[in-house]
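Our numbering numbers the first residue of the sequence shown as 6 and each following residue consecutively.
Heads up, the beta-carbon is just placed ideally off N, CA and C, and yes, glycines get one too.
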Amino acid sequence: IRHCSCSLSSNPMGSSAEGSAAACVPEETRVSNAPHPVYLLVGDIGGTNARLQLFVSSGSLDFSAFQLQFAHTYESRAFDRLEDLVKTFLKAAGVCVPSGGGDGVSKQIAACCLCMCGPVTDETHMSGPVLPEQHPTTWKAHTDNLLTGELGTVIRQAVLINDFIGVGLGLTVVDDRHIVALHEAPKQAHGPIACVGAGTGLGEVFLTYDCGQGYHTAWPSEGGMSEFHAHTEEEWQLRQYLMRRDGHVTVESVVSGPGLANVYRFLQDTQGAPELETRDVPLERIVGELALSDPHEHTHTH
6 IRHCSCSLSS NPMGSSAEGS AAACVPEETR VSNAPHPVYL LVGDIGGTNA RLQLFVSSGS
66 LDFSAFQLQF AHTYESRAFD RLEDLVKTFL KAAGVCVPSG GGDGVSKQIA ACCLCMCGPV
126 TDETHMSGPV LPEQHPTTWK AHTDNLLTGE LGTVIRQAVL INDFIGVGLG LTVVDDRHIV
186 ALHEAPKQAH GPIACVGAGT GLGEVFLTYD CGQGYHTAWP SEGGMSEFHA HTEEEWQLRQ
246 YLMRRDGHVT VESVVSGPGL ANVYRFLQDT QGAPELETRD VPLERIVGEL ALSDPHEHTH
306 TH
């Protein structure tokens, strides 16, 4: 497989997983009048949900030529291997995956780019520790498993990138209509960009502009794993509470979906916050919906 550094830059072909996948198609495939359609498989594999999409073009590799053909979201915990997730999706999308390899492939995936929730090395494999809240970290995913066996007859080439690399590159093409300014300030066209996003974990990424190449380059950080520092007496009590329980306190253990649950359990044990009936609904979801209902009625830690 040809190494694809383009997945780390906001190249003109696109600046998210889809654009990265398009740019990774071999030169011999980049023919505007190609006789067969070109398929791209992209995905965002998070700790809770795995969102996959299949794009198709009549042959042009211009990103605007690609149309979404099929999309589906799965629970990440429903799978024990990345290749099982991809097989399930491709079959649902109508892509023939031969059970024993060989002939019978109805569609060829020219490129596959999957954004993974954790560190990725050489755009080929996940290399971080196993995290309890991030089930895909147990997969030890590797592109070799997508390019051999049954899937090897369908997928031509594949790359894995950190999930927030994909988010960061996507920021470079967000329409101003979808931006809400928290603090008005002069915009720097080629200035650095930072992004923080809380989900099952806390993702962080920053981008710097490459004047020679003319685009932003995204850099992963895993900043959510940094130490949580208290700034108030209440936050210090929260830190001590989590330290006694877990032996460590990361920013992610406070600022994330599970972090919401951690904060609420702290308030229950120390300030008598009411017990919540969770049934089959995760506590973090209930707390999140509670906070959104009327933020002035609920105690919160800044």
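My understanding is that residue i touches residue j, with C-beta atoms under 8 Å, so please give their C-beta distance in whole angstroms.
| i | j | result |
| --- | --- | --- |
| Ile114 | Arg56 | No, Ile114 and Arg56 are not in contact; Cβ-Cβ is about 17 Å, not under 8 Å. |
| Val102 | Val159 | 6 Å |
| Phe169 | Cys118 | Not quite, the Cβ-Cβ distance comes to about 14 Å (not below 8 Å), so this is no contact. |
| Glu227 | Pro124 | 6 Å |
| His140 | Gly52 | 6 Å |
| Val254 | Glu232 | 7 Å |
In angstroms, rounded to a whole number, what distance separates the CA positions of residue i and residue j?
| i | j | result |
| --- | --- | --- |
| Val259 | Leu265 | 7 Å |
| Val185 | Pro225 | 24 Å |
| Leu295 | Leu95 | 38 Å |
| Glu289 | Ser261 | 9 Å |
| Asp181 | Pro191 | 14 Å |
| Gly252 | Gly196 | 39 Å |
| Arg244 | His234 | 8 Å |
| Trp144 | Arg86 | 5 Å |
| Gly19 | Ala70 | Legend: pLDDT at Gly19 = 44, less than 50; position of this residue unreliable, value from coordinates given subsequently. Going by the C-alpha atoms only, they are around 11 Å apart. |
| Ser104 | Ile50 | 24 Å |
| Ser298 | Tyr269 | 16 Å |
| His188 | His236 | 22 Å |
| Asp149 | Thr142 | 17 Å |
| Glu280 | Asn267 | 13 Å |
| Tyr220 | Val178 | 11 Å |
| Gly48 | Glu257 | 23 Å |
| Gln72 | Ala116 | 15 Å |
| Gln242 | Leu272 | 10 Å |
| Phe60 | Ala76 | 9 Å |
| Cys122 | Thr275 | 33 Å |
| Leu66 | Tyr44 | 10 Å |
| Ile291 | Val91 | 31 Å |
| Gly277 | Met248 | 20 Å |
| Ala238 | Ala194 | Just to set this straight, residue 238 is Glu in the shown sequence, not Ala. If I take the Cα positions, the gap works out to 40 Å. |
| Gln58 | Leu156 | 16 Å |
| Leu151 | Tyr246 | 43 Å |
| Gln218 | Leu174 | 15 Å |
| Thr213 | Phe68 | 23 Å |
Have a look at the options and flag the residue whose alpha-carbon is nearest the alpha-carbon of residue i.
| i | options | result |
| --- | --- | --- |
| His130 | Ala97, Glu88 and Glu138 | Glu88 |
| Glu209 | Ala223, Gly217, Gln218 and Cys216 | Ala223 |
| Thr205 | Met248, Arg244, Gly293 and His253 | Gly293 |
| Asp127 | His140, Val135, Asn167 and Asp85 | Asn167 |
| Gly64 | Ala76, Pro42 and Leu46 | Pro42 |
| Ala98 | Leu46, His147 and Val135 | Leu46 |
| Gln74 | Val91, Val100 and Asp67 | Val100 |
| Leu207 | Glu189, Gly154, Leu281 and Val172 | Val172 |
| Ala146 | Glu238, Gln273, Pro137 and Ser132 | Ser132 |
| Val286 | Thr275, Phe271, Phe68 and Pro263 | Pro263 |
| Asp215 | Ile198, Ser62, Ala278 and Ile291 | Ile198 |
| Leu136 | Leu156, Arg82 and Phe68 | Arg82 |
| Glu138 | Asn54, Tyr79 and Tyr246 | Asn54 |
| Ala203 | Met230, Leu212 and Thr213 | Met230 |
Using the three-state DSSP reduction, which class does residue i fall into: helix, strand or coil?
| i | result |
| --- | --- |
| Asn71 | The question names Asn, yet the displayed sequence has Phe at residue 71. Residue state, collapsed to three classes: coil. |
| Arg56 | strand |
| Asp89 | helix |
| Val47 | strand |
| Val292 | helix |
| Ala83 | helix |
| Ser298 | helix |
| Ala199 | strand |
| Pro287 | coil |
| Ala98 | coil |
Could you check whether the Cβ of residue i sits closer than 9 Å to any Cβ belonging to chain D?
| i | result |
| --- | --- |
| Cys200 | No chain D appears in this structure, which consists of one protein chain only. |
Please specify which runs of the beta strand (DSSP E), each continuous and at least 3 residues long, are wholly inside the stretch 114-196, giving them in chain order. 114-121 and 163-167
Length-filtered (3 minimum) beta strand (DSSP E) runs lying within the stretch 201-273: 207-215 and 220-225
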